[in-house]
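Enquirer: Residues 440 to 752 (my numbering) are what the sequence shown spells out, left to right.
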Amino acid sequence: MDILVVLEDNHGSLHRMSREAIAGAQKIGGTVSALALGKNADSMAGELTNIDIEYVITVKHDLISSYNADGYTEVVKQVIESESPNIIIAGHTYQTRDFMPRVSAKLDIPFIPDIVALNSNRFVKQVLNAKLNATISASKDMCILSFQSAAFSDDDLLPGSCNIQPMEINLDSSIVRSITEEPFQEDAGDVDLENADFIISVGRGIEKEENIPMVFDLAKALGAEVSASRPVVDSGWMDSFRQVGSSGQTVAPKLYFSLGISGAIQHVVGMKGSKNILAINKDSEAPIFEIADYAVIGDILDIIPKLLEALQE
Ligand SMILES: Cc1cc2nc3c(=O)[nH]c(=O)nc-3n(C[C@H](O)[C@H](O)[C@H](O)COP(=O)(O)OP(=O)(O)OC[C@H]3O[C@@H](n4cnc5c(N)ncnc54)[C@H](O)[C@@H]3O)c2cc1C
440 MDILVVLEDN
450 HGSLHRMSRE
460 AIAGAQKIGG
470 TVSALALGKN
480 ADSMAGELTN
490 IDIEYVITVK
500 HDLISSYNAD
510 GYTEVVKQVI
520 ESESPNIIIA
530 GHTYQTRDFM
540 PRVSAKLDIP
550 FIPDIVALNS
560 NRFVKQVLNA
570 KLNATISASK
580 DMCILSFQSA
590 AFSDDDLLPG
600 SCNIQPMEIN
610 LDSSIVRSIT
620 EEPFQEDAGD
630 VDLENADFII
640 SVGRGIEKEE
650 NIPMVFDLAK
660 ALGAEVSASR
670 PVVDSGWMDS
680 FRQVGSSGQT
690 VAPKLYFSLG
700 ISGAIQHVVG
710 MKGSKNILAI
720 NKDSEAPIFE
730 IADYAVIGDI
740 LDIIPKLLEA
750 LQE
């Protein structure tokens, strides 16, 4: 089995989900190689020199110095044609969702997106708002997969070494018809939930807007980012970029500290990849406790002020 992982540039460094994609590819087994493209291709490849990868192909060209769907589609297509991998894998990011369907259509190979697990030589994907798991296999010898955030852990990356192989690509302005502007990002200040190691997340159990500042005080004292469940955002108590869940962000911190969140499936799909989950809820039957590593049954309106007091001491 030959696998090619298409890497993504995240502001000059390798995207966390690309590392997870490599970990998933290693679990499938076979020969894993990777493709780094764009102006930061060399530095992305350089981040993988102590990982067990056959080789990293680097492609640099003025027309793909920053992301554009036409250029990326053409480059990935040409590399697939030259390497003939059985499986092409990427993280299920917005960028992948933008250009990978075009690669799939141009090469007439299936694209199975948003995979959460492997089941021997088949792939598991959630359907019906994550209420059911569907097990899917590819109808051809070659297919493209994208892995959901935190479906695999970069802690499981197999150490080793890899070579870097620059590749020349035929690209001209008749192919690249779009010009990319600077990436737009909703003004989220310095908040980067996707890459945060420690997140304090608050749900409807916080009861009212006036109680929100103590959550931020706690996060500041502990050096954490703050996120929320949807009702907190819908009530206008927190900005929408802080929402975690199926219609918000997907996070995978080392510690997810859940305060007054019930654990509805639409929330859980956004945080279940957290390495450790500490949940406080006054209802001992709350579903969040089914996935929590540490459970505290108690009232957050009592516990947060006491925690703050203890931290200030
Ligand atoms: C299409 C769709 C998309 C959705 N997308 C998302 C999404 O992206 N993110 C998301 O979060 N939700 C989403 N939802 C909503 C989701 O179904 C739940 O309604 C939501 O996650 C519940 O939020 P919650 O846990 O904060 O509130 P609740 O379910 O009301 O739970 C509050 C919890 O707090 C506990 N509690 C109350 N008071 C205290 C206290 N003083 N101390 C301790 N515990 C206390 C209660 O026991 C309860 O378990 C979506 C729903 C739909 C239909």
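Using N, Cα and C, we set each Cβ at its ideal position, and we do this for glycine too.
1) Taking its Cβ as the centre, do 16 or more other Cβ atoms sit within 10 Å of R681, making it buried, or is it exposed?
2) Run through DSSP, which three-state label would R561 get?
3) Could you work out which residue in D580, L446, R455, D732 is closest to N481 when comparing CA atoms only?
4) Use the C-beta contact count for V542: other C-beta atoms within 10 angstroms, 16 or more gives buried, fewer gives exposed.
5) Any heavy atom of ligand 1 closer than 8 Å to the CB of I700?
6) For the stretch 636-643 against the stretch 597-617, are there 3 or more C-beta pairs whose distance is under 8 Å?
7) With a Cβ-Cβ cutoff of 9 Å, do L694 and F637 count as a contact?
8) Measure the C-alpha to C-alpha separation of I528 and V683 and round it to an integer number of angstroms.
9) Is H531 a contact residue of ligand 1, with contact defined as CB to any heavy atom under 8 Å?
10) Excluding the five sequence neighbours on either side, which residues of its own chain have a C-beta within less than 7 Å of the C-beta of P598, listed in chain order?
11) Between Q705 and ligand 1, is there a pair consisting of the residue's CB and a ligand heavy atom that are separated by less than 8 Å?
12) Specify, as a first and last residue, the run of the beta strand (DSSP E) that I583 falls within.
13) Report buried or exposed for T532, applying the criterion of at least 16 other Cβ atoms within 10 angstroms of its Cβ.
14) Once DSSP output is grouped into helix, strand and coil, what is the label at E520?
15) Does the Cβ-Cβ distance between T689 and A589 come in under 9 Å?
16) List the endpoints of the continuous beta strand (DSSP E) containing P605.
17) Which one of I736, L610, R458 has the shortest CA to CA distance from S472?
18) Any chance the stretch 666-673 sits against the stretch 716-724, with 3 or more Cβ pairs inside 8 Å?
19) Ligand 1 and D678: does any heavy atom of the ligand fall closer than 8 Å to the residue's C-beta?
20) Is S668 near ligand 1, judged by its Cβ being under 8 Å from some heavy atom?
21) Can you grab the Cα-Cα spacing for the pair G477 / L502, in whole Å?
22) From the DSSP output, read off the bridge partner residues of V444.
23) So does G642 have its beta carbon nearer than 8 Å to some heavy atom of ligand 1?
24) Straight-line CA distance for V518 to V495?
25) Do the CB positions of A556 and F562 come within less than 9 Å of each other?
26) Beta carbon of E646: closer than 8 Å to some heavy atom of ligand 1?
Expert: This is what the structure gives:
1) Within the sequence shown, the letter at position 242 stands for residue 681. When all chains shown are included, R681 counts as buried.
2) Walking along the sequence shown from the start, residue 561 turns up at place 122. R561: strand per DSSP, three-state reduction.
3) Residue 481 sits at position 42 when you count from the first residue of the sequence shown. According to the sequence displayed, residue 481 carries Asp and not Asn. Out of D580, L446, R455, D732, L446 has the C-alpha closest to the C-alpha of D481.
4) Position 103 of the sequence shown holds residue 542. Burial call: buried.
5) For the purposes of this step, residue 700 is taken as the residue at position 261 of the sequence shown. Placement of the Cβ of I700 at a distance of less than 8 Å from at least one heavy atom of ligand 1 is found.
6) no
7) Along the sequence shown, one-based indexing puts residue 694 at 255. Along the sequence shown, one-based indexing puts residue 637 at 198. The answer is yes: Cβ separation under 9 Å.
8) If you number the sequence shown from 1, residue 528 lands on position 89. If you number the sequence shown from 1, residue 683 lands on position 244. Distance between the alpha carbons of I528 and V683 is about 25 Å.
9) The residue you call residue 531 lines up with position 92 of the sequence shown. Incorrect: H531 has no Cβ contact closer than 8 Å to ligand 1.
10) Position 159 of the sequence shown holds residue 598. Taken in chain order, the residues that qualify are N489, I490, D491.
11) Within the sequence shown, numbered from 1, the residue matching residue 705 stands at position 266. Yes, ligand 1 has a heavy atom inside 8 Å of this Cβ.
12) Here residue 583 refers to the residue found at position 144 of the sequence shown. Where I583 is concerned, the enclosing beta strand (DSSP E) stretches over 582-586.
13) Residue 532 sits at position 93 when you count from the first residue of the sequence shown. Answer is buried; the Cβ neighbour count reaches 16.
14) Taking the first residue of the sequence shown as position 1, residue 520 is located at position 81. If DSSP states are grouped into helix, strand and coil, E520 belongs with the helices.
15) Here the question's residue 689 lines up with position 250 in the sequence shown. Here the question's residue 589 lines up with position 150 in the sequence shown. Yes, the Cβ-Cβ distance between T689 and A589 is below 9 Å.
16) For the purposes of this step, residue 605 is identified with residue 166 of the sequence shown, where counting begins at 1. Here the beta strand (DSSP E) through P605 covers 602-605.
17) The residue you call residue 472 lines up with position 33 of the sequence shown. Nearest C-alpha to S472: R458.
18) Contact between the stretch 666-673 and the stretch 716-724 is absent: fewer than 3 CB-CB pairs across the two stretches fall below 8 Å.
19) The residue you call residue 678 lines up with position 239 of the sequence shown. No, since every heavy atom of ligand 1 falls outside the 8 Å radius drawn around the Cβ of D678.
20) Here residue 668 is taken as the residue at index 229 of the sequence shown, counted from 1. At least one heavy atom of ligand 1 is nearer than 8 Å to the Cβ of S668, so yes.
21) Taking the sequence shown and counting its residues from 1, one reaches residue 477 at position 38. Taking the sequence shown and counting its residues from 1, one reaches residue 502 at position 63. Approximately 9 Å between the Cα atoms of the pair.
22) For the purposes of this step, residue 444 is taken as the residue at position 5 of the sequence shown. DSSP, once it has assigned bridges, lists A473, I528 as partnering V444.
23) Position 203 of the sequence shown, counted from the start, is the residue given in the question as residue 642. G642: yes, Cβ under 8 Å from ligand 1.
24) One-based indexing of the sequence shown puts residue 518 at position 79. One-based indexing of the sequence shown puts residue 495 at position 56. Cα to Cα, the separation comes out at about 12 Å.
25) Looking up residue 556 in the sequence shown gives position 117. Looking up residue 562 in the sequence shown gives position 123. Yes. Within cutoff.
26) Your numbering for residue 646 matches position 207 in the sequence shown. Yes, ligand 1 has a heavy atom inside 8 Å of this Cβ.
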